[in-house]
Structure formats: C-alpha cells, structure tokens
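Take a look at the structure below.
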Amino acid sequence: MSAAKQQSLILAGRIDDENYQKSFECVEFLRDDRPNEYKFTVMEMVPVQWEAHLTKLREHFGIEKISSVTACIVYTEDMTQCWCGAEFAMHITSITKFKLFDYPDDSTDPEAYKNQAKIRYNQFLRKTGHNFCFFKLSIDGELLDEQVVFELFTDVCPRTCENFRHLCIGDCADAHGPNNKSIKLHYKGTSFYRIVKEGWIQGGDIINDRGNAGHSIYGPVFPDESFSIKHETEGVLGFANSGKDTNGSQFYITMGRNSWMDGKYVAFGRVIEGISVIHRIHLLETRHNQMPTVAVKIEDCGEIDLTKF
1 MSAAKQQSLI LAGRIDDENY QKSFECVEFL RDDRPNEYKF TVMEMVPVQW
51 EAHLTKLREH FGIEKISSVT ACIVYTEDMT QCWCGAEFAM HITSITKFKL
101 FDYPDDSTDP EAYKNQAKIR YNQFLRKTGH NFCFFKLSID GELLDEQVVF
151 ELFTDVCPRT CENFRHLCIG DCADAHGPNN KSIKLHYKGT SFYRIVKEGW
201 IQGGDIINDR GNAGHSIYGP VFPDESFSIK HETEGVLGFA NSGKDTNGSQ
251 FYITMGRNSW MDGKYVAFGR VIEGISVIHR IHLLETRHNQ MPTVAVKIED
301 CGEIDLTKF
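In the UniProt record's numbering, the protein residues as written are 1 to 309.
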C-alpha cells in the first residue's frame, strides 16, 4: 500500500497577533510530530501586508468563509480549502496530542500568547535593521485609538530617514528661519493639510502648518539621496519637494501606485501599521484647495522602542 500523500499547507498571518502565534506553535508541533503528513510554508506579515493578503484571500474563498478581522489563515497550496487559525488549531488538538498553552516555563499564563506575539513581532522588526516611527493622530478633535507606524529604510536612504526620525522625536535644537524666527523641528502638533484623491495625503509643514513651508534638521533643505524605492503601492512614505534637492520636512503617504513620482520624489519608508487610519484621512471631505474640511492633527509622534520585549 502506498503512503498517504503529504498535504501542502500555507500558514499566513499577522505576526503581532496572539491567534497567529497559536497557529504557528501548532505548525511547529506538526512539523515534528507528523513530518510525512504535512508540509508547511509560513508567511509572517506585518499588519499592512496582512490586510492586503487577507483581501485577496477573501476574494478567492468568499467573505462568508473568512472574516474581515481574521488575523491568520491556514489554506491548502492549491487554494481549494482554508481554515481560520482558531479553527485549524482546534482541529489539530482533536486529532493529535497537541495542546495550546504548551509553554514549559509559563503554561498557565493566559497572556502567554499575547506576550509571545509582542516578543516575536519586535524580534521580526529588529532583524530588518531599520528604524520605526509612529504617529498618534486626531480627526476633528477625536483622538484615534490606532496609531500609524512607519518602517524607515535606513539601509537605502540613511540621511533621509534620519531627518524624518528626528522630526518625529523632536530632539534637535530649534532652527532659525526668516527674521530669526525660531522653528521647532518636530512634527508634534502639526497637521495633514492636503488630500489628493486617489493620489496621496500630505503633512509636515513645521513652520506655517499650511503646506507652503518646511525645514529639515540639516538646514532649510537637503539633497535627494536615492530614488531606489518606487511608488508601487499604497503606504509609501516620501518627502515632498519643490524641485531637485529641495527636501525639507513635508512628507506624503501614497494611496496607491504613483509611478510618475519615481525619480522625482525620494521615498524612504512605508506604513506597516495603521493603514486604515490613512484610508480614513483619505476619505475626508476636502475644500477647493485639497485641504480637509476638519483638522487632522499629529497629537504625538516618536520612535518605536524595540528593546521593551
């Protein structure tokens, strides 16, 4: 009698989610316990990657099969079957000796998987060697629960990334503008003042907060560093300019492919968390000059500390 055919499965999900960690532990168990029955491909994703992947999975398998808030999915390589992470884990516990909360040092801690998710997510981010910054935003005075997190491609545009990072932290001495006006080199308290429908959203005027000025940590402007990062998708972060070598503090976040920007604007990062916040801003009503009709403020900003876990 021939051996049963090995089943090829894919585990995909948000690495920062506790249910993904449960499913991942389940996969690790099966790799050891039943290597001849299952072959796994693991796709670990940051939140924005997962949202895009989840949309494709829901289109393929059907929205009635996969919830919009699902954080992980197990599906066959031929895309004929799928299970949400919790459903898959429960199935495996029923047919094997696998048990959830199987932690040797802390097996009774109900927060074990949440903590594991935080630890593994931070490890995942640290391995990139990149810096990560955040915005906490308000819309029309309402502070939003979800923050926006940016990954800065420091290996491609180190000087450009440092400008954005320090403007998020606000740790540089004030600059001096026209008439010796003091300029605080910090995004905190500034606005998103431009929404280009199907294009991008824009902020970062730390002088007038209207989109007609700006200042970098190096001086009024600094040169274009690299055009290596392309504007191929939504969530690309770059510096606005008024021509060659005129980067300052104004930045944009793309709402989709903007290939015409390639070679003209320096992209240096991407949104990895909070893309739904960016979508919400993009959908706001605007005036004739592309300014939102309600205030969109950066209430707090800074650098993500990846040493906490």
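From the three backbone atoms N, C-alpha and C, an ideal C-beta is built for every residue, glycine too.
- request: Measure the alpha-carbon distance for Lys5 versus Met79 and round it to whole angstroms.
  value: Answer to the nearest angstrom: the Cα atoms are 17 Å apart.
Three-state secondary structure assigned by DSSP to Ala213: coil
Cβ shell of Asn212 (< 8 Å), same chain only, five flanking positions each side left out: Asp205
field: Inter-residue Cα distance where the pair is Glu111 and Met45
entry: 21 Å
task: Out of Val42, Pro47, Arg31 and Cys301, point me to the one whose CA is closest to Ile169's CA.
output: Cys301
query: Near Asp174, which residues of its chain fall below 7 Å by C-beta distance, leaving aside the five closest residues on each side in sequence?
result: Ser182, Ile183, Lys184 and Leu185
Cut-off 7 Å between Cβ atoms - residues of its own chain near Cys157, not counting five sequence neighbours on either side: Glu225, Ser226, Val266 and Phe268
message: If you reduce the DSSP assignment to three classes, tell me which class Arg34 lands in.
response: coil
query: Does DSSP classify Pro220 as helix, strand or coil?
result: coil
For Met255, three-class secondary structure by DSSP: strand
query: In this structure, does DSSP put Met90 in helix, strand or coil?
result: Met90: helix per DSSP, three-state reduction.
task: Assuming Ala71 and Asp17 form a contact by the criterion Cβ under 8 Å, report the distance between their Cβ atoms to the nearest whole angstrom.
output: For Ala71 against Asp17, the beta-carbon gap comes to about 4 Å, under 8 Å, which counts as contact.
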